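Take a look at the structure set out below.
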Amino acid sequence: GLLNIITDKCTEYDVPYVLVDPRNTSSTCPICGSKLKPMTGYARRLTCPNCSLSMGRDVIAVINLEKKYLQMRGVMPFTPKPYEVGVKLMNPAQRAETSTHDTL
């Protein structure tokens, strides 16, 4: 699958990588650790009922993956404040213009 392709390319080009368990990374609030809820009207946005954080599930997953990696290394992870994390939402037309992915 995709993971094997990525790890093979990392090995081929001598790029170090670490596998991090992705479980719950897109459904846990990176600020307070609460279970996130779907945001009404937005398929990929979640909101925290505890601290009111609201952002895309992919951004949430990236922050939580970084925190898990740092914890694996014995480093105290940085927990951003909600106002420190900003991602500009694109409308579907903008997204279509920028979604040019190279294939491996």
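This note's numbering puts the last residue of the sequence shown at 421; the count rises by one with no breaks. All C-beta atoms, glycine included, are put in the ideal place defined by N, C-alpha and C. All of these numbers come straight from a predicted model, not from anything done at the bench.
For Met389, the closest C-alpha among the options Asp338, Thr324 and Ile322 is that of Asp338. Two segments are said to touch when three or more pairs of C-beta atoms, one from each, lie closer than 8 Å; by this definition the region 347-358 does not touch the region 318-338. The residues Asn341, Thr342, Ser343, Thr345 and Pro347, in chain order, have a CB closer than 8 Å to that of Asn381 in the same chain once the five nearest residues on each side in sequence are set aside. Taking a 10 Å sphere around the C-beta of Met393, we find fewer than 16 other C-beta atoms and assign the residue as exposed. Counting of Cβ neighbours within 10 angstroms places Lys326 among the exposed residues, the total staying below 16.
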